[in-house]
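Asker: Pasting a structure here, questions to come.
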Amino acid sequence: MDGFPLELIDGDSMLLNLQWIKHVFDALDDKLQDQLGRPARILVLSICGPQSSGKSFLLKTMYGIRVRSSVGACTRGINMILVKVLYKDYDYILLLDTEGLRAPEFISMPGAEIRDNTLATFAVLPADATILLNKGEINQALEDVLPIVLYLYATSSLSMQLGGQIPSKLFFVYNQIDPSQPQKGMELLQDLTTRLHNVTDKIVEVVSTEKTPFYGFQQCRLDLNNLSNSDFRILSTNTNNPPINHPVHLFGEQSLSLRHWINQRVLNLTDDRQWQPQSLKAMARYFEIVSEMIRQAPHIASVSTSLEIWANNRLNDHIEKLKHNISSIYHTIQTDKNIRKLIKGTKREDDHWNDWKSFLDEKEKQNKKNLAAKIDREITNFDFYNKIEEKIRQDFIQKCNQRNCTDLTEKETKKIFNDVLQNRITESQEPYRLIIDVSADIKSIYNKTALIQDYKIFDEKDICYTNGSSKRSLLKDNELRQCPKDQTKIEKEKHYHKVNDEKRKYNDEMDQIKSMITDLASSLSRYESVHVTTILQKIYRVIDECKINFIDTTTDVHRASYCYLDYKFNELQNKWNANNNRTKRLEERENELWIFFQKVVDGIRGIKLFESMIYEKFTNSWQDGFIDRLVQDVAADVSKEKWLGNSDILQAYIDNEKIQILKEHGIQTLLKSIRSATDFYDNCTKKLVQLHVDKYAREKWKIFYQDMMYVITKAGEEAKNNSNDRLNVFLKTLRSSILPSLITSRLPNTVDRTEYDNVDEESNEIFNGVVKILKSAIPGKPQSLLKQNESEMVLNYIRQNAPGDAAKPRCNHACKLCGAPCFRHSSHHGHHDFHHQPAGLAGMRFTKTHFIVHETCHESFMRNYRFSITGEEGPFYSYSELSNVLGYEIPISRTQRSMLGEYLMGKYHTEIAAYYHHKDNSTVPFSYTQHKLEEIEDEIKRKMDAPW
8 MDGFPLELID
18 GDSMLLNLQW
28 IKHVFDALDD
38 KLQDQLGRPA
48 RILVLSICGP
58 QSSGKSFLLK
68 TMYGIRVRSS
78 VGACTRGINM
88 ILVKVLYKDY
98 DYILLLDTEG
108 LRAPEFISMP
118 GAEIRDNTLA
128 TFAVLPADAT
138 ILLNKGEINQ
148 ALEDVLPIVL
158 YLYATSSLSM
168 QLGGQIPSKL
178 FFVYNQIDPS
188 QPQKGMELLQ
198 DLTTRLHNVT
208 DKIVEVVSTE
218 KTPFYGFQQC
228 RLDLNNLSNS
238 DFRILSTNTN
248 NPPINHPVHL
258 FGEQSLSLRH
268 WINQRVLNLT
278 DDRQWQPQSL
288 KAMARYFEIV
298 SEMIRQAPHI
308 ASVSTSLEIW
318 ANNRLNDHIE
328 KLKHNISSIY
338 HTIQTDKNIR
348 KLIKGTKRED
358 DHWNDWKSFL
368 DEKEKQNKKN
378 LAAKIDREIT
388 NFDFYNKIEE
398 KIRQDFIQKC
408 NQRNCTDLTE
418 KETKKIFNDV
428 LQNRITESQE
438 PYRLIIDVSA
448 DIKSIYNKTA
458 LIQDYKIFDE
468 KDICYTNGSS
478 KRSLLKDNEL
488 RQCPKDQTKI
498 EKEKHYHKVN
508 DEKRKYNDEM
518 DQIKSMITDL
528 ASSLSRYESV
538 HVTTILQKIY
548 RVIDECKINF
558 IDTTTDVHRA
568 SYCYLDYKFN
578 ELQNKWNANN
588 NRTKRLEERE
598 NELWIFFQKV
608 VDGIRGIKLF
618 ESMIYEKFTN
628 SWQDGFIDRL
638 VQDVAADVSK
648 EKWLGNSDIL
658 QAYIDNEKIQ
668 ILKEHGIQTL
678 LKSIRSATDF
688 YDNCTKKLVQ
698 LHVDKYAREK
708 WKIFYQDMMY
718 VITKAGEEAK
728 NNSNDRLNVF
738 LKTLRSSILP
748 SLITSRLPNT
758 VDRTEYDNVD
768 EESNEIFNGV
778 VKILKSAIPG
788 KPQSLLKQNE
798 SEMVLNYIRQ
808 NAPGDAAKPR
818 CNHACKLCGA
828 PCFRHSSHHG
838 HHDFHHQPAG
848 LAGMRFTKTH
858 FIVHETCHES
868 FMRNYRFSIT
878 GEEGPFYSYS
888 ELSNVLGYEI
898 PISRTQRSML
908 GEYLMGKYHT
918 EIAAYYHHKD
928 NSTVPFSYTQ
938 HKLEEIEDEI
948 KRKMDAPW
């Protein structure tokens, strides 16, 4: 308030102490409000330019402030001065006096460009007006720095909020130029205008879109013909003989004229965006935004490099989008011309083109593979089953035609049925005719394995749940109460850490084992006993490497491994049986055949027997047929979703789910939910798919029901309109219809009309009854449409039918050190890769101090930390060994920050440490504490709503 300068940016560290600034501004704002009787209105004016260009001297002349000015460096960092003014539109001017750019003492040091970029960004973006002061005739400093400021602003969320307009009015002022040569100033302005507009055009070309425009220097008034009405000014110097340090009246007049012009331009009501005075509290928030903007882009030193990176990333996004769109459908779209046009002239044109052709080749191969599998599945196999089934029905009719079946006892009836069925099954059996009891076989191998017998994992009944999870015998909350009462505090603390290590080891091991089992199952076509032995050997190795301390933990690992192995291998074998094992497929139709045989035994023949047979097939297949169609339709819809192929957007949805759990249930429930991180990420993906399933189910059912009614009606009409072989006409109409293959494939190809008393000789009206009965097989309003596993079916369908990697779901394997999800596609080759988060969220701690870890894997790599996956016992590895130890990409560079992870660690570090029974590490990075949940939610929403 007294006009003394305060340091905004420290000149040594180039850091902003935001907390201190906020407190100072809050206190100052309160004092000014008490003094004025209303909130103070502030205009912010900054000055930026090369060292020794006279910045501080110009501000001193314009506003009479008390700042040091001299030849050479007199300002370090950025100083701010509050000056009271007598204007009706604002009460104070906040002056920002910046350190000179291209300072000789820093220019040869590493990071000198970043230092200058930081100074210029803080000078331009928070200000209402900025004086860009140039020294003499050299434009180089501003030409290098200003494009960086524009680039940072154009690629920030701040630009979107302000509609692409630069928040500050820019005034280009040249000092130390002889005013007797006005033509020189004209040349300077012409040169500066051309250069700045050229670089702005490049930024606009790669950054600006219809929804997020960017206007660069368009608001600057650089009038070559009328400098008095221009944002370009030349300040006079003393051209007389020495001494040269006496006042130059013309310089003072020009300075005051500049001051008046700045006031006029800032308050200009003709602009599209009218100026509004600022408050000190709002300024503190603005400083925070700009600080964060700079912190997120510390690597930007050259605008040409930045534009090249931006353009290349944007090109890759376009190509990935095309791949994704093509991969979401079966037929190949000819987009070669579009790709050629898109990549033409880029530095990696040949690489992009080769990558595109490889993608199309892979897609074409996959399409052929899928088509061949479909032909084999839907034509070859189904045709075989239908022929065998038709023979069985003929056998039933012949048996009962040869004898009076109505007088048979129940035992005799059952014997005839079983004999006929087994004879035909034996006739149809293939090399893989035996039905394997997968669960019994796996359990037998476990029981015969000596090392596992010691753990007695089958002592309890029903140890496995239907989803492949298992009952736990250890690691419950009351485990912590098992410490002997006479233990010291230190001994109890060690016990807590030991138990917590066991929990972490269990989760890490199971993530690894589940991943191994899933990978193995996905590479197999059917179950074989040898694969159980293979998995057991790997489980032994994992347990041995993790050095588990508690026997019960090992028991739990074996039990959970068995349950998941049983679940995945049964799933695998069931799939193989469904597609290949004829014995299994025929036995699945046993119930239908038994009902048919009972009708025959009861003396039903002719059209009624035919009607009954089709009725049972519709009754048993309508739900499977509907779900099959629904899965395909939902898969096609989900394949177009941006979150499926874009890991950043999927991460936004996952973070949104975390925030909902946090708000509704608290941090403890959230930590419990993400303890098994891989399962949590998979469940989030399934939840997104389930939204589509729920959305489409009723809508698709109406269409499906109408299709069924239409096809049955049409089949009846076709049969009535023909006089010959009407039953097969009826069947042909049903089979060649728009119904799903899971329904039509179960219908017989043809029937022997003599078996059904040759209905051709009967009245056409008999088909009215058939149509009515068959329609009743399809419920108009079924109580349950779904089987509750549709989301998993959709994801499996997409994985199996995706022609390329771009159309596959994300991997979601969780980093064992920090819990972040792998952002590569499912079943990818090579190492997992992550956007790492603070490792304490996954329970990581420092071995000696037991403090919770705040650092990410990238930061741990940069600080040469070492890690262990087995607890305190070691061995310990360097983060540079991640690829060999865990199969992860080495986190050499920070790819993307986890804002939510940092927020959780900053706000809940005490609760997180307590949850894992570690010590709280109160020295949380300052940047973690600056996040606000509302802003994170806004950013998440922006990503979720962003156009694809």
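In this text, residue positions in the sequence shown follow our numbering: the first is 8, and each later residue adds one.
Each residue gets a CB set at the ideal place from its N, CA and C atoms; glycine is no exception.
Which term fits SER798, buried or exposed, when burial requires 16 or more other beta carbons within 10 angstroms of its beta carbon?
Answerer: That one is buried.
Asker: Looking at the secondary structure, which residues open and close the beta strand (DSSP E) in which GLU14 lies?
Answerer: Here the beta strand (DSSP E) through GLU14 covers 13-16.
Asker: Identify the continuous beta strand (DSSP E) that holds LYS142 and give its terminal residues.
Answerer: 136-142 is the span of the beta strand (DSSP E), which, as asked, contains LYS142.
Asker: May I ask which residues mark the beginning and end of the beta strand (DSSP E) holding ILE54?
Answerer: 49-55 is the span of the beta strand (DSSP E), which, as asked, contains ILE54.
Asker: Evaluate contact between the region 16-25 and the region 260-267, counting only Cβ atoms and requiring at least three cross-stretch pairs below 8 Å.
Answerer: No, they do not touch.
Asker: So, using beta-carbon positions, are LEU848 and LEU893 closer together than 9 Å?
Answerer: No, these two residues do not count as a Cβ contact at 9 Å.
Asker: Apart from the five residues just before and just after GLY632, which ones in its own chain have a Cβ nearer than 7 Å to its Cβ?
Answerer: LEU746, PRO747, LEU749, ILE750.
Asker: Suppose only complete runs of 3+ residues qualify. What are the beta strand (DSSP E) ranges in the region 710-744, listed by chain order?
Answerer: Runs found: none.
Asker: Pick out whichever of TYR547, LYS575, ASP573, TYR574 has its Cα sitting closest to the Cα of THR562.
Answerer: Checking every option, the nearest Cα to that of THR562 belongs to TYR547.
Asker: Take LEU651 and list the residues in its own chain whose beta-carbon comes closer than 7 Å to its own, dropping the five residues that flank it on each side.
Answerer: For LEU651, where only same-chain residues beyond five positions count, the Cβ hits under 7 Å are VAL645, PRO816.
Asker: Ignoring anything shorter than 4 residues, give me the alpha helix (DSSP H) runs that lie fully in the region 598-650, in order along the chain.
Answerer: List check, alpha helix (DSSP H) in window: 613-645.
Asker: Are any of the Cβ atoms in chain D nearer than 9 Å to that of THR676?
Answerer: Chain labels in this structure do not include chain D; a single protein chain is all it has.
Asker: Closest to GLU706 by C-alpha separation, out of TYR503, VAL641, ARG753, TRP629, would be which residue?
Answerer: Among TYR503, VAL641, ARG753, TRP629, the Cα nearest to that of GLU706 is on VAL641.
Asker: So the alpha helix (DSSP H) MET869 belongs to, where does it begin and stop?
Answerer: Segment 864-869, the alpha helix (DSSP H) holding MET869.
Asker: In whole angstroms, give me the CA-to-CA distance for MET620 and ILE404.
Answerer: Cα to Cα, the separation comes out at about 13 Å.
Asker: From GLY285 to LYS176, what does the alpha carbon distance come to, in whole angstroms?
Answerer: In the sequence as displayed, the identity of residue 285 is Gln instead of Gly. Rounded to the nearest angstrom, the two C-alpha atoms are 15 Å apart.
Asker: Tell me which residues share the same chain as GLU434 and place their Cβ nearer than 6 Å to its Cβ, disregarding the 5 neighbours each side in the sequence.
Answerer: Excluding residues within five positions, none has a Cβ falling inside 6 Å.
Asker: Could you compute how far the alpha carbon of ALA722 sits from the alpha carbon of ARG733?
Answerer: Cα to Cα, ALA722 sits roughly 10 Å from ARG733.
Asker: Give every residue of the same chain whose Cβ lies closer than 7 Å to the Cβ of ASP19, excluding the five residues on either side of it in the sequence, and list them in chain order.
Answerer: Result list for ASP19: empty, nothing under 7 Å.
Asker: Which term fits TYR569, buried or exposed, when burial requires 16 or more other beta carbons within 10 angstroms of its beta carbon?
Answerer: So TYR569 counts as buried.
Asker: Of the residues LYS67, THR128, ASN124, which one's Cα is nearest the Cα of LEU102?
Answerer: Taking only the C-alpha atoms, the option nearest LEU102 is LYS67.
Asker: Mind reading off the beta-carbon distance from GLY56 to LEU126? Whole number of angstroms is fine, and I expect it under 8 Å.
Answerer: Contact doesn't hold; Cβ gap of about 10 Å is too wide.
Asker: Please state whether the Cβ-Cβ distance between ASP573 and LYS823 is less than 9 Å.
Answerer: For ASP573 and LYS823, no; Cβs fall outside 9 Å.
Asker: Would you report the Cα separation of LYS142 and GLY61, rounded to the nearest angstrom?
Answerer: Spanning the two alpha carbons is a distance of roughly 8 Å.
Asker: Can you grab the Cα-Cα spacing for the pair ILE602 / TYR712, in whole Å?
Answerer: Whole-angstrom Cα-Cα distance: 25 Å.
Asker: For ASN411, does the three-state DSSP call read helix, strand or coil?
Answerer: The answer is coil: DSSP assigns ASN411 none of H, G, I, E or B.
Asker: If SER59 and ASP104 are in contact, beta carbons under 8 Å, what's the gap, nearest whole angstrom?
Answerer: So it is not a contact: roughly 14 Å between Cβ atoms.
Asker: Grab the span of the alpha helix (DSSP H) containing MET912 for me, first residue to last.
Answerer: Residues 906-922.
Asker: Just the C-alpha distance for PHE11 and GLU862, rounded to the nearest angstrom, thanks.
Answerer: When rounded, the distance between both Cα atoms is 39 Å.
Asker: With H, G and I counted as helix, E and B as strand and the rest as coil, what does DSSP make of THR433?
Answerer: THR433: helix per DSSP, three-state reduction.
Asker: Quick check: what's the CA-CA separation for PRO929 versus ASP701?
Answerer: In the sequence as displayed, the identity of residue 929 is Ser instead of Pro. About 45 Å.
Asker: Which residue's Cα is closest to the Cα of ASP518: SER476, THR540, GLY610?
Answerer: With distances taken between Cα atoms, ASP518 lies closest to SER476.
Asker: Suppose contacts are defined by Cβ-Cβ distances below 9 Å. Is ASP36 in contact with LEU287 by that definition?
Answerer: Yes, these two residues count as a Cβ contact at 9 Å.
Asker: Using CA atoms only, rank isn't needed, just tell me which of TRP708, LYS364, HIS835 is closest to PRO789.
Answerer: Per the Cα distances, TRP708.
Asker: Please report how far the alpha carbon of ARG949 lies from the alpha carbon of GLN658, in whole angstroms.
Answerer: Cα-Cα distance, rounded: 12 Å.
Asker: Report the CB separation of ASN270 from TYR94 in whole angstroms; it is logged as a contact under 8 Å.
Answerer: Yes, ASN270 and TYR94 are in contact; Cβ-Cβ is about 7 Å, under 8 Å.
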